[in-house]
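Only one structure is covered here, and it is reproduced in the block below.
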Amino acid sequence: MDDLHDLHRPAPHPLGLHGADRRIGAALRACGADPRVADAVRVLSWAGEHGALWLVAGLAGAAADRPRRGAWLRGTVLTAGAHAVSMGVKRIVRRPRPAHVEPLVGTVGRHSFPSSHATSAAAAAVAFGALGSHAVPPLAAAVCLSRLVAGVHHPSDVAAGAALGALTARLGARWMRGGAA
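First residue of the sequence shown? That's 21 in our numbering, and the numbers climb one at a time after it.
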């Protein structure tokens with residue numbers, strides 16, 4: 021009789037999202053064993069906290085590019101807004117941070133979905149990239165990757181955060197350029 025019940029119970033899928041998250045996350049966290057990588061990850065994590073790196077980049081762009089100051093400032097607002105949205109989603113979803121790896125950095129909160137670092141990084145990459153900043157997109161990718169090497173996010177957290185940030189900036193692109201929202 022128990023065998024009959026087992027036929028109707030779904031078997032755990034080792035290739036499912038949870039398993040892939042664990043394997044990919046553990047493999048990337050292992051890269052942090054190199055002290056140079058760990059130091060870079062710590063710097064990127066610190067700089068990306070609360071979207072600070074992107075807020076500074078947006079304000080610097082506004083100061084340096086006077087003709088498009090308004091677009092830079094609106095891009096900065098979009099980036100901050102994307103970060104705020106991710107924090108709200110985090111409070112709703114409440115997914116715990118990875119417990120199967122030792123983190124390289126401390127975190128402000130205990131929830132991991134979506135990655136707010138990835139959200140603000142992707143929003144900045146889209147917004148400031150549209151203004152011609154060639155340095156922001158690769159730096160944003162490095163910040164996203166750093167969250168995995170630091171062991172504080174699952175890969176799906178970073179992917180969701182990046183998608184949320186890119187979507188937010190894309191939806192606000194017309195407003196950022198000075199058109200109606």
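All C-beta atoms, glycine included, are put in the ideal place defined by N, C-alpha and C.
In this text, all values refer to a predicted model and were calculated from it rather than measured experimentally.
**Prompt:** Mapping DSSP to helix, strand and coil, what is proline 134?
**Reply:** coil
**Message:** Short of 6 Å in beta carbon distance, which residues of its chain neighbour proline 30, apart from the five on each side in sequence? Order them along the chain.
**Reply:** Unreliable positioning characterises proline 30 in this predicted model, as indicated by a pLDDT of 46, which lies under 50. A coordinate reading is not provided.
**Cβ-Cβ separation, valine 172 to arginine 117 (assumed contact under 8 Å), whole Å** = 6 Å
**Asked** Assuming alanine 47 and alanine 102 make a contact with CB atoms under 8 Å, what is their CB distance in whole Å?
**Response** Between alanine 102 and alanine 47 the Cβ distance is about 28 Å, and since that is not below 8 Å, they are no contact.
**Prompt:** When the distance is taken between beta carbons, is serine 140 closer than 8 Å to threonine 96?
**Reply:** no
**Message:** Helix, strand or coil, according to DSSP, for proline 116 in the structure here?
**Reply:** strand
**Message:** So, at 8 Å on beta carbons, what are the nonlocal neighbours of valine 61 in its own chain, with the 5 sequence-adjacent residues on each side left out?
**Reply:** Gly52, Leu124, Val125, Ser166, Val169, Ala170
**Request:** Determine the DSSP secondary structure at histidine 70, reduced to helix, strand or coil.
**Result:** helix
**Asked** In angstroms, rounded to a whole number, what distance separates the CA positions of serine 135 and aspartate 85?
**Response** 30 Å
**For threonine 127, three-class secondary structure by DSSP** = coil
**Request:** Pull up the distance between the alpha-carbon of histidine 154 and that of glycine 129, whole angstroms please.
**Result:** 31 Å
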